[in-house]
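Encoded as structure tokens, the structure appears first; notes follow it.
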Amino acid sequence: MPLRPLVLLSLVALLAACSSDKPKPVAPVAPAPKPAAIGAEPLGPLPAFQRELTGTVLGAPLNAEVELALLAVDERSRPQKLLASTKYIGTGKPLAFQLRFNPEAFPQGLRVELRGRASQSGQLILHLPAVPVSQPTTQSLGQLQLLQAP
31 MPLRPLVLLS LVALLAACSS DKPKPVAPVA PAPKPAAIGA EPLGPLPAFQ RELTGTVLGA
91 PLNAEVELAL LAVDERSRPQ KLLASTKYIG TGKPLAFQLR FNPEAFPQGL RVELRGRASQ
151 SGQLILHLPA VPVSQPTTQS LGQLQLLQAP
């Protein structure tokens with residue numbers, strides 16, 4: 031038997047033996063679980079260079095996105111600087127929050143306020159009236175009630 035057809039036949043046989051008829055099973059991709067609360071994980075001990083505002087937000091509906099921001103505002107109540115912010119997902123129950131900030135970032139000559147809002151499907155549904163923060167110290171603000179958005 032000539033050598034060339036033998037090599038060609040063995041090469042085809044090798045390729046046929048290496049090919050697979052069955053596709054490998056693909057593991058189904060599970061959707062990422064939606065966290066019960068963004069930022070609800072314990073933050074750990076408070077670093078020496080930071081301060082913290084804590085409290086509870088009341089009235090956040092289930093699955094609403096609640097945003098809290100510590101803002102420096104001017105005399106016309108216009109935000110001038112964002113000092114800290116955090117987001118949570120509403121559970122339909124009181125929502126405990128922790129908002130850490132750098133006390134050195136507290137501006138001179140401007141008021142500092144904690145503001146908040148809740149939205150569902152991208153639409154503003156509730157807001158938190160401005161809570162003044164006069165000192166750059168760790169403080170508990172107690173229970174804060176969300177109100178209907180205007």
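Residue numbers (my numbering): 31 to 180.
Think of the CB as a built atom: it goes at the ideal place given N, C-alpha and C, for glycine as much as any other residue.
Find the nearest neighbour of residue i within the set the options, judged by alpha-carbon distance.
i	options	result
Val-87	Gln-80, Ala-114, Gly-74, Gln-128	Gln-128
Pro-109	Thr-121, Ser-40, Pro-137, Thr-84	Pro-137
Gln-80	Ser-107, Phe-131, Leu-92	Phe-131
Leu-176	Gly-120, Val-142, Gly-139	Gly-120
So for residue i, helix, strand or coil by DSSP?
i	result
Arg-108	coil
Ala-78	coil
Ser-164	coil
Ser-151	coil
Pro-124	coil
Leu-176	coil
Can you say whether residue i is buried or exposed, counting buried as having 16 or more other CB atoms within 10 angstroms of its CB?
i	result
Glu-134	exposed
Thr-167	exposed
Leu-83	buried
Leu-92	exposed
Gly-85	buried
Glu-143	buried
Using DSSP bridges, identify the partner residues of residue i.
i	result
Ala-102	Lys-111, Val-142
Leu-156	Ala-148, Gln-178
Worksheet item: Can at least three beta-carbon pairs, one atom from the stretch 111-123 and one from the stretch 94-101, be found at a separation below 8 Å?
Response: yes
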